[in-house]
Amino acid sequence: MTIWLLDTISIKTVKRWVHRYRLEKHLNRRPQPGQVRKLNEDQRNVVMQIIEDKPFLNAAVVGRKFGVHKNTIRRIWAEGGHFHRFAARKPKLTEEQKEARMGYALENLTRDWSNVVFSDEKTFQTDRHQRLHVYRPNKSRYNPKYIQERQRSGRISAGYWGWISMYGPGELVAVGGCLNSKGYIEILEDILKPTMALSFGGFKDMIFMQDNCSIHTAKICEKWFGDNADLVRLNTPVNSPDLNPIENVWAEMVREWMSIYPRNLQNLDSVVISKWEELRNNPAYFERLYKSMPARLNAVIDANGGHTKY
């Protein structure tokens, strides 16, 4: 044993341990002192107040102000209950729009959604908008303070219009250029009417849902709906994607192709169409979306017309 120790441990190390034993009478591990904090309590409180006031602030910026690394700032924020997350992105809501959402939710809370057809336009892009980082407490993703509000505008790659029912996807059609009211009427006449007739045998007992944007509510569109009174129409409030489950369908399509995200316009259309068609194999997904409508409306009411998790 002595020979093995001499072969594996240096004489200098042996002497150091012998000296320690003579002084302390044991070889137990010494208690380690706690790490000295780089910022005192007052500074840490200031750091926490900063992120309370400005939750989108960069940790590196705050770190430079206090002369510490960004990870130190992030650790202080985490200890205070604010964690690094991606900010939820929602349309900006005015007080008037919040009131409209509340009224819509209260009015339709007991509606039977199984006979409702939801429709919407969607612009698919070959790139992604940058998402903001935010530091926030857990279970506060949809608190207005921590939401990255965005406008609906953006660089157009390829536009589409489609409709869904409780039983699956209906029709999806490409929209060339910027859709206007005249083009929308052509879609209603040439796409919606024949495909709904094919799927449901007509419009009887069916309700057509569209959002309340100006294209849909123009005078020529109002006239078209007046001439087609057998199609019952219901408008969702402006800036309310959480009240239209087809928005979840768009998100599902994009999520499914993230690994093969189209990089150019040449293959964008084929990817969009193929993902739409694949959803026909998952009718249970659409049933779940429709069954979520009461919960969506209650969430709007609980948020006083504000943003929800949907």
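Take the sequence shown: its letter number 46 is residue 57 in this note's numbering, and every next letter is one higher. Here a beta-carbon is modelled for each residue, glycine too, at the ideal position from N, C-alpha and C.
- Where G194 is concerned, there is no enclosing beta strand (DSSP E), although the alpha helix (DSSP H) around it starts and stops at 192 to 198.
- In the three-state scheme derived from DSSP, where H, G and I count as helix and E and B as strand, H93 is classed as coil.
- Residue pairing from DSSP leaves P294 without any beta-bridge partner.
- In this chain, the beta strand (DSSP E) harbouring R244 covers 243 to 247.
- The alpha carbon of N246 has as its nearest neighbour, out of A229, N149, M264, E298, the alpha carbon of A229.
- In the three-state DSSP reduction, T105 falls in the coil class, being neither helix nor strand.
- In this structure, R55 keeps its C-beta atom at 9 Å or more from the C-beta atom of A70.
- Rounded to whole angstroms, E132 and V145 show a C-alpha spacing of 29 Å.
- When Cβ pairs closer than 8 Å are counted between the two stretches, the segment 86 to 93 is seen not to touch the segment 167 to 178, the count staying below three.
- Classified as buried, D253 has 16 or more neighbouring CB atoms from the shown chains inside 10 Å of its CB.
- In the three-state DSSP reduction, V128 falls in the strand class (E or B).
- Taken through DSSP and simplified to helix, strand or coil, L183 comes out as strand.
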